[in-house]
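**Student:**
Numbering (our numbering), first residue to last: 2 to 180.
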């Protein structure tokens, strides 16, 4: 079990180098372990569904690699149908696409969208945010349809400096929760 950031980095790197992309450039927070399967999956299927399949795979007495086993479309586990596994995905934005979610803090202290410099209001449910390479990205979290939008979406599953939820009213930060 990882005890500090360095241990988590080593564990993540051993699991898959994909999980530590950007770590050396000052982004010191590795993706949450519950999202590792989702990040490594080329289809970015929803992590909770992948975990159900991973748990079933771990129970096999003889087993091929997880991804090889999962590619067999006849494999289905109780509680998560194959259709659900394939249907529920998480959207991952590349570097160019994530710019639409970039936020700035104006000199007057208001939190604004970078592209139009207008103050944001998140609503009571707030927005997810991630800080990567000194850039703050924010968006509504989408979980009620596919593809979903999660923290990992905003940075393509790469390492971040910070992540959480923010509640903003007319550009004024009211609440910030760490993830």
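Backbone N, C-alpha and C fix where the C-beta goes; we use that ideal spot for every residue, glycine too.
Inspect the beta-carbon positions of residue 138 and residue 113 and report whether they are closer than 8 Å.
**Tutor:** Here residue 138 refers to the residue found at position 137 of the chain shown. Here residue 113 refers to the residue found at position 112 of the chain shown. Contact: no.
**Student:** Near residue 144, what residues of its chain come up, given a Cβ to Cβ distance below 7 Å and the 5 sequence neighbours on each side ignored?
**Tutor:** Counting from 1 along the chain shown, the entry for residue 144 is found at position 143. None.
**Student:** As a quick exercise: from 64, 133, 152, pick the residue whose alpha carbon is nearest that of residue 200.
**Tutor:** Nothing can be reported for residue 200, as the shown portion of the chain is limited to 2 through 180.
**Student:** Among all the DSSP beta bridges, which residues are the ones paired with residue 130?
**Tutor:** Position 129 of the chain shown, counted from the start, is the residue given in the question as residue 130. DSSP lists 139, 165 as partners of residue 130.
**Student:** Going by Cα to Cα distance, which pick from 88, 75, 80 is closest to residue 45?
**Tutor:** The residue given as residue 45 occupies position 44 in the chain shown. Taking only the C-alpha atoms, the option nearest residue 45 is 88.
**Student:** Would residue 81 and residue 149 qualify as a contact pair, given that the criterion is a beta-carbon distance under 8 Å?
**Tutor:** Locating residue 81 in the chain shown gives position 80, counting from the first residue. Locating residue 149 in the chain shown gives position 148, counting from the first residue. Against a cut-off of 8 Å, the Cβ pair of residue 149 and residue 81 comes out as no contact.
**Student:** Do residue 105 and residue 115 have their C-beta atoms closer together than 8 Å?
**Tutor:** Indexing the chain shown from 1 puts residue 105 at position 104. Indexing the chain shown from 1 puts residue 115 at position 114. In contact: residue 105 and residue 115 (Cβ atoms closer than 8 Å).
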